[in-house]
Amino acid sequence: MEDCLFCKIVAGEIPGDIVLETEHTVAFRDLNAQAPTHVLVVPRDHYANAAELAAADPAVSAELVTAAAAVAAEAGYDDYRLVYNTGTGVGQSVFHTHLHLLAGRPMTWPPG
Ligand code: 5GP
Ligand code: ZN
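This note's numbering runs 11 ahead of the 1-based position in the sequence shown.
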């Protein structure tokens with residue numbers, strides 16, 4: 012999709028600090044990390060949010076989770092948090108499906 016930041020990172024048109032690539036996903040470090048490990052896992056194809064991806068392609072939706080788990084394991088973390096923001100009201104700012112992987116510090120619940 013034109014003018015989508017994460018499509019451009021997937022395509023290599025703008026740089027991303029990529030930590031893992033799988034057949035249908037790319038994982039790269041968040042530019043504004045909120046934890047020692049903060050990685051975004053995105054599908055190569057463009058969907059606006061997690062539900063759109065899950066409805067269109069459940070296998071790739073699952074691949075995002077397994078890719079995130081692999082990144083956490085590679086970084087040595089058994090404990091980690093996975094987050095999807097959906098909608099501006101809860102903080103979604105990029106409208107290309109992305110799974111946040113956060114790890115490496117204590118976290119509270121509920122989130123803010
Ligand atoms: P959202 O707020 O939509 O759930 O998450 C978007 C994330 O993308 C934010 O955590 C933000 O820091 C990150 N981000 C925004 N622009 C860039 C960028 O150009 N490169 C990378 N790697 N991350 C970005
Ligand atoms: Zn996109």
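Yeah, the Cβ is synthetic: ideal placement off N, Cα and C, and Gly gets one too.
* Asked: Any chance the region 17 to 26 sits against the region 68 to 87, with 3 or more Cβ pairs inside 8 Å?
  -> no
* Asked: How about residue 49: is its Cβ closer than 7 Å to a heavy atom in the ligand ZN?
  -> no
* Exposure label - residue 23; buried when at least 16 CB within 10 Å -> exposed
* To do: Verify whether the separation of the beta carbon atoms of residue 91 and residue 64 is less than 8 Å.
  => no
* To do: Whole angstroms is fine: what's the gap from residue 97's alpha carbon to residue 72's?
  => 15 Å
* Asked: With DSSP run on the structure shown, which of helix, strand or coil describes residue 94?
  -> strand
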